[in-house]
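The structure under discussion appears below in the form of structure tokens.
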Amino acid sequence: MHELGHIIGLHHEQKRPDRDEYVRVNMDNVKTENGTGHNFEKLSPEDAITLNQTYDFNSIMHYRTNAFARDRSKQTITPSKAEDIQIEEIGRQERLSEIDISGVNRLYNCSDCRKLLEGDHGTFNITNDLNTSSSSTKHSNLCGQGGWEEVGSRTSQLLITYHTNTFNSKYFGFNGNFRKHCGGQIDMVDGKEYYLESPGFPYEYTANKWCAWYLVVPFHKRITLKFDYFQLEASENCENNYVEIRNGDFSYSPLIGKYCNNTSPGEIWSKAYSLYVEFTSNNQIQDNGFSAYATLRKPYVVSDYDRIRSADLF
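Letter by letter, the sequence shown follows residues 1 to 314 in full-length UniProt numbering.
If you want it as structure tokens, here you go:
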């Protein structure tokens, strides 16, 4: 990885024009017989640019503190300020640092940086926090300084685009965490079963959870949702922990029922081509939750003789 950095135009970190503000190079202890001395020579501002990036002790391009030392017990590179620096980690990185990545993006004018985040949980970082402002045309636009509220996706993927048009060193970017969110939109097809479960099932669900599933089928189809296990906290009018099912794909669609305790919804048939299922838990009592599966079915119609027939008979 270090050599690949050279290929794309990166210099050794300890050769930066401003390196004397951060490290002291002890040339008396550097082996120069094999022509390695040039790796410690400070570059002029005309030969190297810092792209307004701060000195990076965690860079993949930084040497170890005793690199090419005549006396291995003594340092060839000594940090000027040792606080908040893990000296034993300098020059031992196996992957690009956040500042390495930011520097390469600036060097090649990669103003739009996209990454597909997959998996149940993980992190992404470009240092510092940005503020948020909501947008009606996109999920949200985030800018400024400070923190932001949690945002979620309705599907299994979320695209994050980072855009900058300035090299101002005062602003470094953002960092955030992501995790798998229960619920989401399920576009159903024939011949498959789709499982809905409370978080952590068959173990107890956690407190203060909210999940919403949006089941959607083709216009000429309907949905069967069958619960094979159901055990939630009992409460008056199901005010605490509950499952709510609505005929449509919105939280304000016509209500089919609100369920709690061990009163299972049983089998639910949608009247529309979508079904909204919501699970909510409070911070008091948790239970084992629920398990259900959804399948497609053909709609039923009433004939002139008031006899119910499936739509495929017409």
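All C-beta atoms in this analysis are idealised placements derived from N, C-alpha and C, irrespective of residue type, glycine included.
| Check | Outcome |
| --- | --- |
| Per DSSP, the bridge partner or partners of PRO79 | VAL23 |
| C-alpha gap between SER44 and ASN109, whole angstroms | 23 Å |
| Through-space distance from THR78 to SER198, alpha-carbon basis | 55 Å |
| Identity of the residue in GLU33, PRO202, ASN288, VAL104 nearest SER242 by Cα | The amino acid at residue 242 is misidentified as Ser; the sequence shows Tyr. Considering only alpha carbons, the answer is ASN288. |
| Neighbour flag for ASP47 against chain D, beta carbons, 8 Å | Reference to chain D is not applicable here, since this structure consists of a single protein chain. |
| Residues near GLU244 by beta carbon distance below 6 Å, same chain, minus five either side | LYS258, GLU278 |
| Assumed close pair GLY266, PHE227 - CB separation to whole angstroms, cut-off 8 Å | 6 Å |
| Local conformation of HIS11 per DSSP, three classes | coil |
| Where PHE290 sits in the DSSP three-state scheme | strand |
| VAL277, DSSP secondary structure in three states | strand |
| Reduced DSSP secondary structure (H/G/I, E/B, other) of ARG106 | helix |
| Limits of the beta strand (DSSP E) - the one that CYS211 falls within | 210-216 |
| Beta-carbon gap between ARG16 and ALA67 smaller than 8 Å | no |
| ASN58, buried or exposed, once every other Cβ within 10 Å from all chains shown has been counted against 16 | buried |
| First through last residue of the beta strand (DSSP E) which encompasses LEU159 | 159-163 |
| For SER270 and ASN247, believed in contact at Cβ under 8 Å, the rounded distance | 6 Å |
| Assigned secondary structure, VAL302 (DSSP; H/G/I helix, E/B strand, else coil) | For VAL302, the predicted model reports a pLDDT of 48, less than 50, meaning its position is unreliable; a value from the coordinates is still stated below. Residue state, collapsed to three classes: strand. |
| Beta-carbon proximity of TYR194 to MET188, cut-off 8 Å | yes |
| Beta strand (DSSP E) runs contained entirely in the region 196-274, provided each spans 3 or more residues | 210-216, 222-231, 242-246, 255-259, 267-269 |
| Alpha-carbon to alpha-carbon, ARG297 and THR137 | Below a pLDDT of 50, predicted positions are generally treated as unreliable, and THR137, at 43, falls in that range; no measurement from the model is reported. |
| Close Cβ partners of ILE90 (< 7 Å) along its chain, the five nearest in sequence each way excluded | PHE57, HIS62, ARG64, THR65 |
| Proximity of CYS260 and GLU233 at Cβ, strictly below 8 Å | yes |
| Buried or exposed by the 16-neighbour rule on C-beta atoms within 10 Å, applied to THR36 | exposed |
| Straight-line Cα distance separating ASP100 from LYS221 | 52 Å |
| C-alpha distance - ASN39 paired with PHE174, whole-angstrom precision | 33 Å |
| Where the beta strand (DSSP E) through GLY183 begins and ends | 183-187 |
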